[in-house]
Each structure stands twice: as structure tokens, then as C-alpha cells.
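Letter by letter, the sequence shown follows residues 0 to 153 in numbering that gives the first Met the number 0.
A virtual CB, placed ideally from N, CA and C, is assigned to each residue, including glycine.
Below is one structure, written out as C-alpha cells, with a few remarks after it.
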Amino acid sequence: MGKPMVLFLCTGNSARSQMAEAFLRQHAGNIYDAHSAGLNPQGVHPLTIQVMQEVGIDISEHQSKSLTQYLGKASPKWVIFVCEKAESSCPHVWPFSLQSESWRFEDPVDSVGDDLERIMKFRSVRDQIETRILDWISNNKISSETENQFEFRE
């Protein structure tokens, strides 16, 4: 059996959910199977790629994925909403999901200002997400040997 699946959901799968997926893979990819998706995929924002590279994580090959790509194919153990719109537009209980959580972060894609102000907003959200991921990992310890039935089926 595979690792327990964690699915991060947001609106465009262009920033917040991409960051969360990458940080979970970085910090606990040996324990969790991290995925992300959006209600209306917009492509991974270039500043998302840039700020993740600043902390040594390359997501330049990531693609925005639609929530529909997972419906009927995935049974995540956790569904984590990283924005209010995704949370209000999706069922609170994913079929067969043991837990859903709401982590609301501002959307850095919507930030305004000059280039420096925008990159600073992306960095701020990135750092908030990493902190939340690290806290979540410490509160949801699972043995890497734990068997489960939660996996993605292609």
C-alpha cells in the first residue's frame, strides 16, 4: 500500500497549493503523498517558481491541475483548503477523506504594487505556508511503515 495522500486545494493551483505540495514533499515526502489542485487551474505563477527556488525547491516543471483530475480517482486521507473560495466551493468532506482542514492564506497572485512589493508578498505567503506545513507534520506524525489504502489511482 502507498503513503497517505494529502491533497491541497485552492482556486487556481498557481501559488498557495503548489507551495504547500512542494513543502510537504520536501519535509515529509517519505511519509506523505502530496498533491495539489485548483478549481480553475491558471498555470503555475512565475513568482511562485522564483520564491520556491530561493529556498532550494525547484517546481519549474510543476503543472496546474484541476480538481476534476482527482475526483473518482483519489481517496486522500487529508484534504487541506488553502483559500476561502476553494473551501466554500468544494464539499467539506471529500468522499473517503478522513479529515479536511482550512488554512486560509492571502492569494499572492492578487497582490498589487511594484515588482518588489509583489515578490515580498509571495515570499511572505511562502514562509507562512512552510511554517504551517512544519506544524502540521509535527501534529500528524505517522510512521513511514504505516500501511493504508489512501493512494492515487491512474
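- Task: State the Cα-Cα distance for the pair E100 and V78, rounded to the nearest angstrom.
- Result: As a working mapping, residue 100 is identified with position 101 in the sequence shown. As a working mapping, residue 78 is identified with position 79 in the sequence shown. Using only the alpha carbons, I get a separation of about 6 Å.
- Query: How far does the beta strand (DSSP E) with E100 in it reach, from first residue to last?
  - Reply: Counting from 1 along the sequence shown, the entry for residue 100 is found at position 101. Unbroken beta strand (DSSP E) run through E100: Q98 to S101.
- Residues in its own chain within less than 7 Å of Y31 by CB, not counting five upstream and five downstream? Here residue 31 refers to the residue found at position 32 of the sequence shown. Leaving aside the five residues that flank Y31 on each side, the residues in its chain whose CB is nearer than 7 Å to its CB run, in chain order, K2, P3, V5 and L23.
- Cross-strand partners of I48 (DSSP beta bridge): For this step, residue 48 is matched to residue 49 along the sequence shown. Answer is none; I48 lacks a bridge partner.
- Run through the region 10–57 for me and flag every whole beta strand (DSSP E) of 3 or more residues, listed as ranges in chain order. Counting only runs of 3 or more residues that sit fully inside the region 10–57, the beta strand (DSSP E) segments are 32–37, in chain order.
- Mind checking E72: buried by the 16 CB within 10 Å criterion, or exposed? The sequence position of residue 72 within the sequence shown is 73, counting from 1. It is Lys, not Glu, that sits at residue 72 in the sequence shown. K72 comes out exposed.
- Item | N- and C-terminal bounds of the alpha helix (DSSP H) containing F121 | Taking the first residue of the sequence shown as 1, we reach residue 121 at position 122. Looking at the DSSP string, the run of the alpha helix (DSSP H) that includes F121 is D114 to N138.
- Query: Taking A121 as the reference, which of L8, S13 and F7 has the closest Cα?
  - Reply: Along the sequence shown, one-based indexing puts residue 121 at 122. Note that residue 121 corresponds to Phe in the displayed sequence, not to Ala. Closest by alpha carbon: S13.
- 8 Å contact criterion, which H61 and Q17 should meet: CB distance rounded: Locating residue 61 in the sequence shown gives position 62, where the first residue counts as 1. Locating residue 17 in the sequence shown gives position 18, where the first residue counts as 1. 6 Å between Cβ atoms; contact.
- Using 10 angstroms around the beta-carbon of F7, count the other beta-carbons present and answer buried if the total reaches 16, otherwise exposed. Reading the sequence shown from its first residue, position 8 is the one you call residue 7. Buried: at least 16 other Cβ atoms inside 10 Å.
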